[in-house]
Amino acid sequence: LANPFMPYDMNLMLRITGGWGWRGERCVARWYTMHSTVIQVRDWLPDDVGGLVWFSYSNTAMTTYVPMYAGITDVPVDFKTCGRTTGFSRRSAWWAFNRAAVLAAQRWGDMRKDVADVRDPLQEKYLAAQEEVDKKAVALLKEDKAKGRAYLTRETQKACREATEAYWNLGDLLWTRYDGQW
């Protein structure tokens, strides 16, 4: 398997091969992951609610996936604000997730419980709410497509904001709990 700290061109020189041939194996949970998605396509539901992207920023092992339905019309501003190319900013959701992931990666053995204490309950909450959100959205879409889409947009924005705030707080916790213990 390829060394995660080695550039791809070293694979050729060292004759490392894997599922990608000369590029070697690459797991999904990488420190340089910008975002990842899990896509659900449910043909028994109206398209606006049946298409669902579970979206996450940063390292997949350290993040929470938020539900983004096909019928949404907007996301929070901080999900539209590029953080990677403009530098650190609390106006970019990406930095909330990435900062926490970068900090946790420094001492994953110690910090993984702190990450799990934030990541797992949020993920479980969003998964548990899915059936109820779907049911309410279907009813609203039958009544008025605009009402259904507005509901899905609100639910998506609520999850995005909640997860972003949780990860800003997680980054602050990691920064202070392990201060001076690096």
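Sequential numbering of the sequence shown, starting at 2, is according to this note's numbering.
No residue lacks a Cβ here, since even glycine has one placed at the ideal position from N, Cα and C.
| Asked | Found |
| --- | --- |
| Do Arg120 and Met63 have their C-beta atoms within less than 8 Å of each other? | yes |
| Measuring CA to CA, which of Thr165, Ala106, Gly51 and Val42 is closest to Trp96? | Thr165 |
| Just tell me which of Ala140, Tyr66 and Gly72 has its CA closest to the CA of Ser37. | Tyr66 |
| Apart from the five residues on each side of it in sequence, which residues of its chain come closer than 6 Å, Cβ to Cβ, to Asp75? | Thr154 |
| Any contact between the segment 170-177 and the segment 109-124? By contact I mean 3 or more CB pairs, one from each, below 8 Å. | yes |
| Roughly how many whole angstroms lie between the Cα atoms of Met112 and Lys148? | 42 Å |
| So Pro77 packs on Arg162, CB below 8 Å; how close in whole Å? | 6 Å |
| Since I believe Glu156 is in contact with Val134 (beta carbons under 8 Å), could you give me their beta-carbon distance rounded to a whole number of angstroms? | 5 Å |
| In this structure, how does DSSP classify Met116 when only helix, strand and coil are distinguished? | It should be pointed out that residue 116 corresponds to Val in this sequence rather than to Met. Reduced to three states, the DSSP call for Val116 is helix. |
| Is the distance from the Cβ of Tyr58 to the Cβ of Ala94 below 8 Å? | yes |
| With 16 as the cutoff for other CB atoms within 10 Å, does Phe89 come out buried or exposed? | exposed |
| Go through the segment 46-70 residue by residue and report every complete run of the beta strand (DSSP E) that reaches 3 residues or more, in order. | 52-58 and 67-70 |
| Suppose you measure from the CA of Gly181 to the CA of Phe80; what does that come to, to the nearest Å? | 32 Å |
| As a quick exercise: from Asp49, Ala129, Gln41 and Arg92, pick the residue whose alpha carbon is nearest that of Asp145. | Asp49 |
| To the nearest angstrom, report how far apart Trp176 and Lys143 are at their CA atoms. | 48 Å |
| Please classify Ala101 as buried or exposed, where buried requires at least 16 other C-beta atoms within 10 Å of its C-beta. | buried |
| In terms of DSSP beta bridges, what is Ile1 paired with? | No answer is possible for residue 1: it lies beyond the span of the chain, which begins at 2 and ends at 183. |
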